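Taking it in order: structure first as structure tokens, then the write-up.
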Amino acid sequence: MIIAIDFDGTIHTGVYPNIGSPASNAASVIRRLKVQGHCIIIWTCRECVYQQKMVEWLNKQGIPFDYINKNSPEIISEFQGDSRKIFADVYIDDRGITGLPSWERIYSIISLRSNRRRITNSGCRRMMTLTM
Numbered sequence: 071m072i073i074a075i076d077f078d079g080t081i082h083t084g085v086y087p088n089i090g091s092p093a094s095n096a097a098s099v100i101r102r103l104k105v106q107g108h109c110i111i112i113w114t115c116r117e118c119v120y121q122q123k124m125v126e127w128l129n130k131q132g133i134p135f136d137y138i139n140k141n142s143p144e145i146i147s148e149f150q151g152d153s154r155k156i157f158a159d160v161y162i163d164d165r166g167i168t169g170l171p172s173w174e175r176i177y178s179i180i181s182l183r184s185n186r187r188r189i190t191n192s193g194c195r196r197m198m199t200l201t202m
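All residue numbers for the sequence shown refer to the numbering used here, where the first residue is 71 and numbers rise by one.
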């Protein structure tokens, strides 16, 4: 899955432009998601020096990511262009209408969706094989 994660107020507890402490369990959950093969996009308004400080902080915390505010090459190819809107299967942001659940809850939700998708996709492949 492609997972877009907001930085300020989601991965850390500080308020822009400052960077605070890692949000409880954020680093460990993001690491687990990456190990499981998910694509992690940091989805942020930070630019220039503020973005560089963010990258340094993420690296210091051992928080892996694939892209910052950028679609993956696979998505760009699939949609035949690079939209300004970041495509993701899941968006994690503290400003969502329902607020930000705990990182452990986020992990549970993503794991459930990811497992459902694998089951559905494998079922579709079986159906295509049987009907061909």
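Cβ coordinates follow ideal geometry from the N, Cα and C atoms, glycine included.
Remember, it's a predicted structure, so these values are computed and weren't measured experimentally.
Around the Cβ of R116, a 10 Å sphere holds 16 or more other Cβ atoms; the residue is buried. Secondary structure of P92 (DSSP, three-state): strand.
Fully enclosed beta strand (DSSP E) runs of no fewer than 3 residues occupy 160–162 of the stretch 135–172, in order along the chain.
Relative to R102, the option among E174, N185, R186, R183 whose CA is nearest is E174. When secondary structure is reduced to three states using DSSP, I176 falls in the helix class. Comparing C-alpha distances from G166 to each of N95, T80, W127 shows the shortest one belongs to T80.
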